[in-house]
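What the sequence shown shows, in my numbering, is residues 25 to 508, in sequence order.
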Amino acid sequence: MKKVVRRYRSLPIRSRLALLVAAAVAFAVAAVSVTCWFIVQGKLYGQLNDELDKSMRMGRDQAAVALNDCDQTPRENVGWGPRNYFQVVLEDGTACVMPFSAGVVKVTESDKEVVSSTDRLTGLRRNGTDADGNDVRILTVPETFIDRNTGETTNVALISAVPLKGTQSTLNDLALILLLVSGIGVVGAGAAGLAVARAGLRPVDKLTEAVEHVARTEDLSIRIPVEEEAEDEVARLSRSFNSMTSALANSRELQQQLIADAGHELRTPLTSLRTNIELLTRSEETGRPIPADDRKALLASVKAQMTELASLIGDLQELSRSDSDQQGARLLQVVDFQDTVESALRRARLRGPELTITAALQPWYVRAEPSTLERAIVNILDNAVKFSPEGGSIEVALDAGVLTVRDHGPGIPADELPHVFDRFWRSPSARALPGSGLGLSIVARTVEQAGGEVALSRADGGGTLATVRLPGAATAPPEGPETA
Numbered sequence: 025m026k027k028v029v030r031r032y033r034s035l036p037i038r039s040r041l042a043l044l045v046a047a048a049v050a051f052a053v054a055a056v057s058v059t060c061w062f063i064v065q066g067k068l069y070g071q072l073n074d075e076l077d078k079s080m081r082m083g084r085d086q087a088a089v090a091l092n093d094c095d096q097t098p099r100e101n102v103g104w105g106p107r108n109y110f111q112v113v114l115e116d117g118t119a120c121v122m123p124f125s126a127g128v129v130k131v132t133e134s135d136k137e138v139v140s141s142t143d144r145l146t147g148l149r150r151n152g153t154d155a156d157g158n159d160v161r162i163l164t165v166p167e168t169f170i171d172r173n174t175g176e177t178t179n180v181a182l183i184s185a186v187p188l189k190g191t192q193s194t195l196n197d198l199a200l201i202l203l204l205v206s207g208i209g210v211v212g213a214g215a216a217g218l219a220v221a222r223a224g225l226r227p228v229d230k231l232t233e234a235v236e237h238v239a240r241t242e243d244l245s246i247r248i249p250v251e252e253e254a255e256d257e258v259a260r261l262s263r264s265f266n267s268m269t270s271a272l273a274n275s276r277e278l279q280q281q282l283i284a285d286a287g288h289e290l291r292t293p294l295t296s297l298r299t300n301i302e303l304l305t306r307s308e309e310t311g312r313p314i315p316a317d318d319r320k321a322l323l324a325s326v327k328a329q330m331t332e333l334a335s336l337i338g339d340l341q342e343l344s345r346s347d348s349d350q351q352g353a354r355l356l357q358v359v360d361f362q363d364t365v366e367s368a369l370r371r372a373r374l375r376g377p378e379l380t381i382t383a384a385l386q387p388w389y390v391r392a393e394p395s396t397l398e399r400a401i402v403n404i405l406d407n408a409v410k411f412s413p414e415g416g417s418i419e420v421a422l423d424a425g426v427l428t429v430r431d432h433g434p435g436i437p438a439d440e441l442p443h444v445f446d447r448f449w450r451s452p453s454a455r456a457l458p459g460s461g462l463g464l465s466i467v468a469r470t471v472e473q474a475g476g477e478v479a480l481s482r483a484d485g486g487g488t489l490a491t492v493r494l495p496g497a498a499t500a501p502p503e504g505p506e507t508a
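The following block contains the structure:
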């Protein structure tokens with residue numbers, strides 16, 4: 025059985041469907057054929073039974089003659105024709121055959137038992153044979169004869185029979201016809217099932233070819249045509265495949281764009297580093313010392329470029345991790361948002377000591393990754409420090425989970441606001457300032473992972489207003505840190 029199951033599972037799906045259809049049709053046809061055969065058999069035997077009843081009524085009047093002149097072999101066959109059998113059975117099993125009987129029916133023990141039976145309505149109906157071995161349908165009923173002279177009673181059994189040859193021939197022919205029709209039906213069902221399976225699985229074949237093409241060529245532009253009104257499983261699978269390849273293509277395009285943008289951004293600090301290092305190396309090789317102030321400026325530039333390069337690489341590493349990697353690898357904790365903002369403010373004040381930074385912070389607790397959330401807030405404050413005029417001010421407020429950072433710089437033009445969270449995007453007016461163009465991308469990603477939202481807008485009276493909304497509560501939950 026296991027071998028059969030393994031062989032079945034190794035077949036192509038269309039062959040399995042064809043076999044299943046053929047098996048189902050075979051079962052249905054077999055059930056119908058058997059039912060039909062038994063119905064026809066019942067009808068034919070009903071006709072024979074009716075004929076036996078009629079024969080019994082006709083022969084009952086002649087039974088006394090056969091009993092008085094008992095003969096165990098038929099004589100002249102007149103009156104009924106060669107089809108009918110009729111005889112009287114005594115208690116000892118002796119058969120007295122009517123002169124017009126077509127032959128002698130073999131008497132069995134059941135026939136002898138009918139002699140003493142009191143059921144004179146139905147009698148005994150069975151299949152048997154005559155003396156020549158021919159199959160016959162038999163009706164045996166009890167009968168009692170009274171001698172008019174002596175008044176003695178004699179219990180006998182009357183047997184009437186008709187041959188079964190014609191009926192059996194008809195049933196055999198019917199069985200053969202049903203067998204042939206069933207075989208043709210099963211073969212036709214198998215062929216139809218195979219044709220239907222091929223037609224039904226044609227979209228799956230296209231899908232398979234598309235998947236193999238993608239695996240072979242890595243071409244993600246391929247699409248499977250799907251009818252708009254189609255809602256079956258194959259159509260849904262095709263739409264899902266198209267969505268998957270489209271998402272993969274977009275992901276690859278973003279990856280390629282990230283690599284290209286990263287290469288472009290890395291080229292600037294690397295070029296500056298190489299130039300400065302070449303100047304220092306050439307000074308050492310030629311023995312011409314660089315003036316102290318120029319040397320100090322070169323070393324400061326090298327240090328600044330190294331810092332910018334390290335920051336850029338860190339930002340790239342942060343953005344290169346997928347969302348699932350970050351969610352699976354990091355521990356989300358209940359974080360005191362007020363403390364996080366205060367820590368970020370301390371770092372911002374060190375970077376802009378000439379600025380006035382005011383803060384009005386209310387308690388708020390959120391679920392996030394602590395270091396990543398602090399880095400995002402630092403990036404927002406760094407932007408505010410970077411674009412604030414010398415001696416300017418920055419207002420920071422945290423109330424009911426809404427953090428606002430307002431600077432008084434030049435602000436962001438309205439046509440540039442939709443692009444501020446794009447990777448490596450930098451305003452044309454800010455390209456001369458240090459930065460990689462990844463800070464706000466990290467902010468947007470961090471806030472979204474914490475279930476919040478972030479936005480930049482032009483502030484009334486000039487400057488930029490950054491707004492961060494994070495879900496949480498004003499009091500810390502009693503359970504403390506939790507895993508995401």
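Glycine is no exception: its CB is placed at the ideal position from the N, C-alpha and C atoms.
Nearest by alpha-carbon distance to V45: which of V211, A328 and L297 is it? Walking along the sequence shown from the start, residue 45 turns up at place 21. Minimum Cα distance to V45 is reached at V211.
Report back the beta-carbon spacing between R375 and V409 to the nearest angstrom; my notes put them in contact at under 8 angstroms. Within the sequence shown, numbered from 1, the residue matching residue 375 stands at position 351. Within the sequence shown, numbered from 1, the residue matching residue 409 stands at position 385. About 5 angstroms separates the two Cβ atoms, so the contact holds.
Near N196, what residues of its chain come up, given a Cβ to Cβ distance below 6 angstroms and the 5 sequence neighbours on each side ignored? Numbered from 1 along the sequence shown, position 172 holds the residue referred to as residue 196. There are no such residues.
When you compare each of G157, E167 and A126 to K136 by their alpha carbons, which one comes out closest? Indexing the sequence shown from 1 puts residue 136 at position 112. Minimum Cα distance to K136 is reached at E167.
Please report the straight-line C-alpha distance between V492 and E366, rounded to a whole angstrom. The sequence position of residue 492 within the sequence shown is 468, counting from 1. The sequence position of residue 366 within the sequence shown is 342, counting from 1. The C-alpha of E366 is placed about 15 angstroms away from the C-alpha of V492.
Distance check for P187 and V102, CA to CA, integer angstroms please. Sequence index remark: in the sequence shown, residue 102 carries index 78 (1-based). Sequence index remark: in the sequence shown, residue 187 carries index 163 (1-based). The predicted model places V102 with a pLDDT of 45, which falls under 50 and marks its position as unreliable; any figure quoted below should be read in that light. The alpha-carbon atoms of V102 and P187 are separated by roughly 17 angstroms.
Option nearest I37 by Cα separation, candidates N179, G415, H237 and D229: Position 13 of the sequence shown, counted from the first residue, corresponds to residue 37. Checked all of N179, G415, H237 and D229; the closest Cα to I37 is D229.
Taking C-beta to C-beta, are L231 and I248 nearer than 7 angstroms? Position 207 of the sequence shown, counted from the first residue, corresponds to residue 231. Position 224 of the sequence shown, counted from the first residue, corresponds to residue 248. Yes, they are a contact pair.
Do I418 and I381 have their CB atoms nearer than 7 angstroms? By 1-based counting over the sequence shown, the position of residue 418 is 394. By 1-based counting over the sequence shown, the position of residue 381 is 357. In contact: I418 and I381 (Cβ atoms closer than 7 angstroms).
What span of residues does the beta strand (DSSP E) with L182 cover, start to end? Working through the sequence shown from its first residue, we reach residue 182 at position 158. Segment T177 to P187, the beta strand (DSSP E) holding L182.
Mind checking whether I183 and Q111 have CB atoms under 7 angstroms apart? The residue labelled residue 183 in the question sits at position 159 within the sequence shown. The residue labelled residue 111 in the question sits at position 87 within the sequence shown. Contact flag set, yes.
Cα-Cα separation, V56 to Q192: The sequence position of residue 56 within the sequence shown is 32, counting from 1. The sequence position of residue 192 within the sequence shown is 168, counting from 1. So the two alpha carbons sit approximately 20 angstroms from each other.
Within 10 angstroms of its Cβ, does H237 collect 16 or more other Cβ (buried), or is it exposed? Reading the sequence shown from its first residue, position 213 is the one you call residue 237. With fewer than 16 other Cβ atoms within 10 Å, it is exposed.
Between the Cα of R482 and the Cα atoms of R430, T499 and G463, which residue gives the shortest distance? Position 458 of the sequence shown, counted from the first residue, corresponds to residue 482. Answer by Cα proximity: R430.
Where do the ends of the beta strand (DSSP E) carrying P549 lie? Since the first residue of the chain shown is 25 and the last is 508, residue 549 is not available in this structure.
Given 8 angstroms as the limit, is there contact between the region 114–133 and the region 152–162, that is, 3 or more CB pairs closer than that? yes
Do L303 and A273 have their beta-carbon atoms positioned less than 7 angstroms apart in this structure? Walking along the sequence shown from the start, residue 273 turns up at place 249. Walking along the sequence shown from the start, residue 303 turns up at place 279. No, they are not a contact pair.
In this structure, how does DSSP classify S481 when only helix, strand and coil are distinguished? As a working note, residue 481 is residue 457 in the sequence shown. Residue state, collapsed to three classes: strand.
Quick check: the Cα distance between F169 and T118, rounded to an integer number of angstroms? Counting from one through the sequence shown, the residue named residue 169 turns up at place 145. Counting from one through the sequence shown, the residue named residue 118 turns up at place 94. Straight-line Cα distance between these residues: approximately 16 angstroms.
Spell out the partners DSSP gives L110 in its beta bridges. If you number the sequence shown from 1, residue 110 lands on position 86. It is worth fixing the name first, because residue 110 is Phe in this sequence and not Leu. Answer is S184, bridged to F110.
In the DSSP assignment, the beta strand (DSSP E) including E440 goes from what residue to what residue? As a position in the sequence shown, residue 440 is number 416, starting the count at 1. Unbroken run through E440: none, as it is neither H nor E.
For the alpha helix (DSSP H) containing V64, list its first residue and its last residue. Numbered from 1 along the sequence shown, position 40 holds the residue referred to as residue 64. Counting along the chain, the alpha helix (DSSP H) containing V64 begins and ends at I37 to R84.
Cβ atoms of G476 and L464: under 7 angstroms apart, would you say? Within the sequence shown, residue 464 is the residue found at index 440, counting from 1. Within the sequence shown, residue 476 is the residue found at index 452, counting from 1. In this structure, G476 does not lie closer than 7 angstroms to L464 by Cβ.
Please work out which residues of its chain come closer than 7 angstroms, Cβ to Cβ, to E414, disregarding the five sequence neighbours upstream and downstream, and give them in chain order. Translated into the one-based positions of the sequence shown, residue 414 becomes position 390. If we look at E414 and ignore the five residues flanking it on each side, its Cβ neighbours are E378.
Which residues mark the beginning and the end of the alpha helix (DSSP H) in which T364 is found? Along the sequence shown, one-based indexing puts residue 364 at 340. Unbroken alpha helix (DSSP H) run through T364: F361 to R375.
Under the three-state reduction of DSSP, which class applies to A119: helix, strand or coil? Counting from one through the sequence shown, the residue named residue 119 turns up at place 95. Looking at A119 - three-state DSSP - the assignment turns out to be strand.
State the DSSP-derived secondary structure class of D431, mapped to helix, strand or coil. Taking the sequence shown and counting its residues from 1, the one referred to as residue 431 is at position 407. Note: D431 maps to coil in three-state DSSP.
CA-CA distance, S412 and G496? For this step, residue 412 is matched to residue 388 along the sequence shown. For this step, residue 496 is matched to residue 472 along the sequence shown. If you take the alpha carbons of S412 and G496, they lie about 31 angstroms apart.
Can you say whether L72 is buried or exposed, counting buried as having 16 or more other CB atoms within 10 angstroms of its CB? Working through the sequence shown from its first residue, we reach residue 72 at position 48. Its Cβ being crowded by 16 or more others within 10 Å, L72 is buried.
Beta strand (DSSP E) containing A408: first to last residue? Here residue 408 corresponds to residue number 384 of the sequence shown, with the count starting at 1. No beta strand (DSSP E) contains A408, which is instead part of the alpha helix (DSSP H) from P394 to F411.
So A368 and E398 are supposed to be a Cβ contact under 8 angstroms. How far apart are they, rounded? Counting from 1 along the sequence shown, the entry for residue 368 is found at position 344. Counting from 1 along the sequence shown, the entry for residue 398 is found at position 374. The Cβ separation is near 6 angstroms, so the contact holds.
Residue range of the beta strand (DSSP E) that includes R493: The sequence position of residue 493 within the sequence shown is 469, counting from 1. Counting along the chain, the beta strand (DSSP E) containing R493 begins and ends at T488 to R493.
Would the beta-carbon of N173 fall within 7 angstroms of that of V139? Translated into the one-based positions of the sequence shown, residue 173 becomes position 149. Translated into the one-based positions of the sequence shown, residue 139 becomes position 115. Not a contact, by the Cβ cut-off of 7 angstroms.
Under three-state DSSP, which class holds N151? Counting from 1 along the sequence shown, the entry for residue 151 is found at position 127. It is a strand residue.
Going straight from the alpha carbon of F445 to that of Q386, what length do you get? In the sequence shown, counting from the first residue as 1, residue 445 sits at position 421. In the sequence shown, counting from the first residue as 1, residue 386 sits at position 362. Each residue's Cα considered, the two are about 27 angstroms apart.
Between D156, T194, D256 and E115, which lies nearest to L68 when the distance is taken from Cα to Cα? Locating residue 68 in the sequence shown gives position 44, counting from the first residue. Of the candidates D156, T194, D256 and E115, the one whose C-alpha sits nearest the C-alpha of L68 is T194.
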